[in-house]
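Some notes on the structure that comes next.
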Amino acid sequence: MSYRFIPSVETVRFMNKPVRTEDVEEFIRIHPQLKNVSIEEGLIGHISPISSLYEMERVVLCYFPHSFLHFLQHFKGKIAVFFNEAEEHCYTFLEKWFRGEYSDNLRHVMIQLPLFDHFNDDVYTRFGGKPWNTKTMPKWYPHNEKTYCYEFWTRSFLSCENTFYKKRESDGRIAMLKVTGRRLILLSMG
Numbered sequence: 072m073s074y075r076f077i078p079s080v081e082t083v084r085f086m087n088k089p090v091r092t093e094d095v096e097e098f099i100r101i102h103p104q105l106k107n108v109s110i111e112e113g114l115i116g117h118i119s120p121i122s123s124l125y126e127m128e129r130v131v132l133c134y135f136p137h138s139f140l141h142f143l144q145h146f147k148g149k150i151a152v153f154f155n156e157a158e159e160h161c162y163t164f165l166e167k168w169f170r171g172e173y174s175d176n177l178r179h180v181m182i183q184l185p186l187f188d189h190f191n192d193d194v195y196t197r198f199g200g201k202p203w204n205t206k207t208m209p210k211w212y213p214h215n216e217k218t219y220c221y222e223f224w225t226r227s228f229l230s231c232e233n234t235f236y237k238k239r240e241s242d243g244r245i246a247m248l249k250v251t252g253r254r255l256i257l258l259s260m261g
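So the sequence shown is numbered by the numbering used here: it starts at 72 and just counts up by one.
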């Protein structure tokens, strides 16, 4: 694919057909001010450990051919969204996050299971989370308008209703954990 330089582009969405890893990296190289990448119909090819995709502030990957766990090991951004992932991979992600195995920059992660799959009811108890008390704690997750405008941060996801939290032992960082049907959301504070 050939791309023209588009001045001041911060966000790109690759839609309608799968895109090659090389094409995404070329687009990022041409647009150094790029912060947000959304790949909606799949990514073709291997992502090397030094890929510029790991440097983006926000990445959305739909139909990722590999486990998102590998991607997160190298990701240095703040927000990651993955679609069509296996439930067991989500539990592995949570275990690793609570052990402190991911970048300190990582603040927001949303993972959605495939259509017709749903998370088990034991997600909160499995990780020893405590219920979020909206009487003594904030009722809404702190966010700015730029975060709110992302399509997956609907108002119900920003609400702290039916949310649990857990403190990470390694650094005391608190994670809000919310499960809504087939979506798991981890919001890190601190």
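Built from N, CA and C at the ideal position, the CB exists for glycine as well.
Contact set for residue i: own chain, Cβ-Cβ below 8 Å, skip 5 residues either direction
i: Glu222; result: At Glu222, the pLDDT of 48 sits below 50, so the modelled position is not reliable; the number obtained from the coordinates is stated separately. Here the set comprises nothing.
i: Ile83; result: Note on identity: in this sequence residue 83 is Val, with Ile being the wrong assignment. Phe98, His102, Leu105, Asn107, Val108 and Ser109, listed in sequence order.
i: Phe139; result: Leu132, Ala151, Phe153, Glu156, His160, Phe164 and Ile182
i: Val80; result: His102, Gln104 and Leu105
For residue i, the nearest candidate out of the options (CA to CA)
i: Gln272; options: Phe85, Tyr195, Glu126 and Met86; result: In the structure as shown, the chain starts at 72 and stops at 261, and residue 272 therefore has no counterpart that could be examined.
i: Pro136; options: Lys210, Glu112, Phe235 and Ser79; result: Glu112
i: Leu165; options: Glu96, Asn155 and Thr196; result: Thr196
i: Arg129; options: Asp193, Phe153 and Cys231; result: Phe153
i: Ala246; options: Leu186, Leu177 and Arg254; result: Leu177
i: Gln144; options: Tyr173, Pro209, Asn204 and Asp192; result: Tyr173
i: Asn191; options: Met260, Ile118 and Lys249; result: Lys249
Same chain only: Cβ atoms within 6 Å of residue i, ignoring 5 sequence neighbours per side
i: Gly252; result: His189
i: Phe85; result: Ile110
Terminal residues of the beta strand (DSSP E) in which residue i lies
i: Val294; result: The requested residue 294 does not occur in the structure, where the chain is confined to residues 72 to 261.
i: Val80; result: First-last for Val80: undefined, no H or E at that position.
i: Gln183; result: His179 to Gln183
i: Lys249; result: Ile245 to Thr251
i: Phe198; result: Where Phe198 is concerned, there is no enclosing beta strand (DSSP E), given that its DSSP letter is neither H nor E.
i: Leu124; result: Careful: Leu124 lies outside any beta strand (DSSP E) and carries neither H nor E.
i: Leu258; result: Arg254 to Met260
i: Ser109; result: Asn107 to Ile110
i: Phe135; result: Element bounds for Phe135: n/a, residue is neither H nor E.
i: Phe154; result: Ile150 to Phe154
Span of the alpha helix (DSSP H) around residue i
i: Phe237; result: Here the sequence assigns Lys to residue 237, which means Phe is not the residue at that position. Unbroken run through Lys237 is the beta strand (DSSP E), Phe235 to Lys238; no alpha helix (DSSP H).
i: Ile118; result: Where Ile118 is concerned, there is no enclosing alpha helix (DSSP H), given that its DSSP letter is neither H nor E.
i: Phe164; result: Glu158 to Phe169
i: Phe98; result: Thr92 to Ile101
i: Phe139; result: Phe139 to His145
Expected contact under 8 Å - CB spacing of residue i and residue j to nearest Å
i: Lys206; j: Tyr236; result: Contact doesn't hold; Cβ gap of about 14 Å is too wide.
Residue-chain proximity (residue i, chain C), Cβ-Cβ < 8 Å
i: Glu158; result: The structure shown has no chain C; it contains just one protein chain.
Close-in-space but distant-in-sequence residues of the same chain around residue i (CB under 7 Å, 5 per side omitted)
i: Asn87; result: Glu112
Quick check: the segment 114-130 against the segment 85-104, are at least 3 beta-carbon pairs closer than 8 Å? Short answer: they touch.
Taking three-plus beta-carbon pairs below 8 Å as touching, is the segment 153-161 in contact with the segment 175-188? yes
Can we say the segment 167-180 touches the segment 239-248, given the rule of at least three CB pairs closer than 8 Å? yes
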